[in-house]
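J.: The numbering used here numbers the first residue of the sequence shown as 471 and each following residue consecutively.
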Amino acid sequence: MKRKILPLLFVFLFTFARADEGMWLLYLLGDQVYADMVKKGLKLSKEQLYSINKSSLKDAIIIFGGGCTGEIVSREGLIFTNHHCGYSAIAAASSVEKNYLRDGFWAKSKAEEIPAPSLTVQFLVRIDDVTKQVEDALKGLSGSEWSAKLQSVSQEIVKKATDGTGYEARVVPFYKGNQFLLFVYERYRDIRLVGTPPESIGKFGGDTDNWEWPRHTGDFAVFRVYAGKDGKPAAYAADNVPLQPKYFLNVSTKGVKDGDFAMIYGYPGSTNRYETSYGVKLKTDIENPAIVNLRDVRLKLMFEEMKKDPATRLQLASAYAGIANYWKFYDGEAKQLLKYDVYGQKKADEEKFRQWANGKPEYEQVLPQYEKAYADWQPYAKHRIYMNEGILGSPLAAYAASLQALERALTRKTLNTEEVTRISETLKRSRQMFLENENKASDQNILAATCRMFYTDIDRAQHPEKYFNSIRTQFGDLSDDSTFKKFAADVFAKTIIFDDARWNAFLAKPDSSSLQNDPAYRYVTAFLKNYNDRFGKYSTEFNNRLNDLGRMYLKGVMTMNPGKVTYSDANFTMRMSYGAVKSYKPRDAVFYDYVCTMSGVLEKYKPGDYEFDLPKELIDAAKKKDFGLYKDAKYNDLVVCFITTNDITGGNSGSPVLNGNGELIGLAFDGNYEALSHKIAFDKDMNRTICVDIRYVLWCIDKLGGARNVISELVLK
Ligand code: ARG
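Okay, here's the thing in C-alpha cells:
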C-alpha cells in the first residue's frame, strides 16, 4: 500500500491541488474550481454559493460556540449542529434528576427550550482584503517585531471596520502570512437548546469508534438563535424572539448514492499542509507520544471517579470527551504519518525546493534555517508538552496559574489598588466556575501522577531542582509513587483555593506573601518560572523563526509553481470543500461501503455498556422497522451515516453536507482513522469525512423524540 501512496502524495504537493483536496475560500473562488464543481454535479450558480449583495448559502452557516460549525434550517432560526458540539451545553443544562445528556430532551414548544448561556453563534457579514495595508505596515520587519506590528495594525483595521456597528472582526493571515483578510462577524448571544438525542445515540460508539469508519453515531443536536425584537443580537431575555435569518437550508430526504456530489461549508480550524520534514519528525518522535502519554493517565484517573458516581460522571463528561477526542487523534496522527512515510515525502518535496532555491538569495537559506531552528528547539520540546498537557493538566494547577496576574499586580513598585480590585473580582468569578467543574479526587491523583511523570521523563538538567528537593525533604524518596501522592494530598488539604473562609479573608486583603506561600500556587509557579525563566526564550525564538521561515517557504513554493490553483491552510475561516459520497478500501482485501445502517447499530449494541448501550425506544422501533419515509429504498433499512471524500478537519464539526442543489443531506462529524495524518498531508485515496445521514437525524427527532414541532419547521425536499 505504501508504494501506491508515496508517488501520489508527492505529486499533489508540488503540482496542482487535485482530487477532492482543498478547503476553498468562497470569497476567492476561481472559475477553474467552480467549473470543476459543476462538472462533478453542482447545480448552483456562483452567486448562490456566495454573494455579498444577495442572501446566499453562506448566510445559513454559522460559527457555533468556540470551535464548531452550525447551520440555520428554518425561517425561525433553528440550528442543526453535532451532539459533540452541543455537549457541554447539554451537560450544563442537565442534573442527576433531569439528565438530558443521558436521556435526551425535546422541547415541544418554544417555551420549553432551555437557555444555553455559555453559547454564542456568529454570522459572517463580509470579508475585505487588507493585504496591502498590512504588508505596508510590516515592511522590513521579522520575528517578534513582525508579530507585534501585525497585532497593532490589525487592531486599527478592526476598530475602523466595526466602530459603531455592533459587529466584531478579525484580521487573519493566509498562506502563512502572505495574504491578509478581514472577517466581519455578527455575534448572537441568546442561544437555546431545542433538543438532543440521548448520549447513547449522540455519542454511540464512544471513543472506541471515534475517528473511525464504519461509525453508527447520531451525532446531532438542535438549538435556536434568538434576537431582540429589532432582530439584532441581544443578551438572553425571556421575550427575545427567534431570529429571522437571511437564509436557511432546505432538507433533502432523497438520500445518497455512491458517487453523488457532496459539498461541505464550515469552519475548519487548522491544517499545516506545508509542514516540513523537521516538523513531521518532531511530531512523530516527541510531541504526539508525549501528549498521548499524559492524556492517557489523566483520562484513566478521571474515568476512575466517573464510574463511582453519576454526579461525577455528568460533571466530568464534557472535559473527558474533549481530552479523549484528541488523545486518540494525536495517537492516530503519529501512526499514520509513520505508516505513509510522510517524513520521506516531505524530504523529497524539500529536495525539489532546494534545487529550485539554489542561487536565489531570498530562498536558499530557508531549509537550512528550518533545520537549525528545529535542532535548537528539540531539547526543550518535550518539556513544553509536559507543562501544557502535564503540570497544567491538573485543573487546580491551571486555576492556581491564573492567580499570577494578582501576584504581578501586588508586587508592582507602586501599588495600583484599582488593578488589584479588578483582578480580585475576576478571580472570584473564575474560582466559582473552577469549583463547579472541580472533582477533587481525580484532580489530586492527576496532580500526583503528572508531577511524577515530569520528574521521571524530563531531562534532570531542566527540572525545577529546588522545588523537587523540597518535596523530597518533606515527603520522601522521589522514586517512590507514594511520595507524590502524599505531596498532592498535602497541596489539596492546605491550599486556600478550596477553603471559602481563608480565600475570602485573603481576597479582602490580598498580599503577595500569602499567595506565594500557598502550596498550589507554589507548585504551579515553581514549574512555570523554571520554564519561562530558563527556556521561554527558546520557545519564543522557535515560534518566531517558524513564522518567518513559513512565510518565505510558502512564498517560494508559490513562486516555484506559477499559476497553480491553490488553497490556503485552514485557519477557522469559512471554507467550502467539494467531493463525492464514496466507498473505499482501507487495506488489502477489505471494502468499506459508503453507508452504514440501523442493522449495524443493533449489531454493535451491548446492553449496559458505557459506549454501546442503546435506548429501549430505539431498539423497539428498529426491530419493528418503523422507519416511515426516512427508509432507504436500496438498503431497505434506515441509513445512519455515510462517508464522502471531502477535505475537512476539526472545526468543521456540525457542518452541513449539501447535495448539488444545496440541500442538506447530512451533518459532517468526523474523519476516518486511515487519514488521521490529514492536517499535514491529504490522502486522495484514503481521506473520508464521516457524516450522519439527515434521514437518521429526522427519524430520531420524529419517531424517538416525538418532536413533530421541529420537523414541521423544516422545508423537506
Ligand atoms: N472526532 C470527532 C471530532 O473531532 C468528535 C467525536 C466526539 N466523540 C467522542 N467519542 N469523543 O469532530
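We treat Cβ as the ideally placed atom computed from N, Cα and C, and that holds for glycine.
For E877 and A868, what's the separation of their Cα atoms in angstroms?
T.: 15 Å
J.: Comparing the CB of I791 with every heavy atom of the ligand ARG, is any distance shorter than 7 Å?
T.: Looking at the sequence provided, one finds Ala at residue 791 rather than Ile. Yes.
J.: Check the DSSP bridge columns for D1107 and list the partner residues they point to.
T.: D1102, per the DSSP bridge assignment.
J.: Taking only the alpha-carbon atoms, compute the straight-line gap between G829 and S1125 and give it to the nearest angstrom.
T.: 46 Å
J.: In the DSSP assignment, the alpha helix (DSSP H) including T926 goes from what residue to what residue?
T.: Its alpha helix (DSSP H) spans residues K910 to D927.
J.: Looking at the strands, I want to know which residues DSSP matches up with P1126.
T.: Residue pairing of P1126 in beta bridges, as defined by DSSP: L1137.
J.: Inspect the beta-carbon positions of L998 and A851 and report whether they are closer than 8 Å.
T.: no
J.: Let me confirm a value: M903 is counted as buried when at least 16 other C-beta atoms fall within 10 Å, else exposed. Which label applies?
T.: exposed
J.: Let me know if I522 comes out buried or exposed under the rule of 16 or more other beta-carbons within 10 Å of its beta-carbon.
T.: exposed
J.: In chain order, what residues of the same chain have a beta carbon less than 7 Å from the beta carbon of S612, not counting five sequence neighbours either side?
T.: D1018
J.: Starting from the C-beta of E1183, find all residues in its chain whose C-beta is less than 7 Å away, skip the five residues before and the five after it, and write them out in chain order.
T.: S544, E546 and L548
J.: Using only alpha-carbon positions, find the residue among V1180, D700, G698 and N1131 that is nearest to K516.
T.: N1131
J.: Would you tell me roughly how many angstroms separate the C-alpha atoms of G1121 and T884, rounded to the nearest one?
T.: Here the alpha carbon of G1121 sits roughly 45 Å from the alpha carbon of T884.
J.: Exposed or buried, which one is Q914 when buried takes at least 16 other CB atoms within 10 Å?
T.: The C-beta of Q914 has 16 or more other C-beta atoms within 10 Å across all chains shown, which makes the residue buried.
J.: Which residues in the same chain have their Cβ closer than 7 Å to the Cβ of E583, if we skip the five residues on either side of it in sequence?
T.: A577, R662, L663, V664 and R694
J.: Taking 7 Å as the cut-off, does the CB of A794 come closer than this to any heavy atom belonging to the ligand ARG?
T.: yes
J.: Tell me whether V1180 sits in a helix, a strand or coil according to DSSP, three-state version.
T.: helix
J.: What are the boundary residues of the beta strand (DSSP E) that P643 is part of?
T.: E638 to F644
J.: With 16 other CB atoms within 10 Å as the buried threshold, where does N1106 fall?
T.: exposed
J.: Does the beta carbon of G1020 fall short of 7 Å from some heavy atom of the ligand ARG?
T.: no
J.: Using 8 Å as the threshold, is the stretch 784-798 in touch with the stretch 842-857, meaning 3 or more CB pairs across them?
T.: no
J.: Starting from L548, trace the beta strand (DSSP E) in both directions and tell me its first and last residue.
T.: L548 to T551
J.: From M1022 to A1040, what does the alpha carbon distance come to, in whole angstroms?
T.: Straight-line Cα distance between these residues: approximately 18 Å.
J.: Kindly give me the distance between the Cβ atoms of G739 and F1042, rounded to whole angstroms, as I take these residues to be in contact under 8 Å.
T.: 5 Å
J.: Touching or not, the stretch 908-922 and the stretch 755-775, by the rule of three or more beta carbon pairs under 8 Å?
T.: yes
J.: Measure the alpha-carbon distance for N909 versus F534 and round it to whole angstroms.
T.: 28 Å
J.: Would you identify the three-state DSSP class for Y696, choosing helix, strand or coil?
T.: It is a strand residue.
J.: Please tell me whether, using a cut-off of 7 Å, the distance from the CB of G1120 to the nearest non-hydrogen atom of the ligand ARG is below it.
T.: Under cutoff, so the answer is yes.
J.: Does the ligand ARG have even one heavy atom less than 7 Å from the beta-carbon of F1082?
T.: no
J.: Can you tell me whether Y706 is buried or exposed? The criterion is at least 16 other CB atoms within 10 Å of its CB, across all chains shown.
T.: exposed
J.: Might you give, ordered along the chain, the residues of its own chain that have their beta carbon closer than 8 Å to the beta carbon of L764, omitting 5 neighbours on each side?
T.: I855, Y856, E859, G860, G863, T920 and M923
J.: Mind checking whether the beta-carbon of W681 lies closer than 7 Å to any heavy atom of the ligand ARG?
T.: yes
J.: Under 7 Å: does the beta carbon of S558 sit that close to some heavy atom of the ligand ARG?
T.: no
J.: Grab the span of the alpha helix (DSSP H) containing S982 for me, first residue to last.
T.: That run of the alpha helix (DSSP H) goes S982 to N987.
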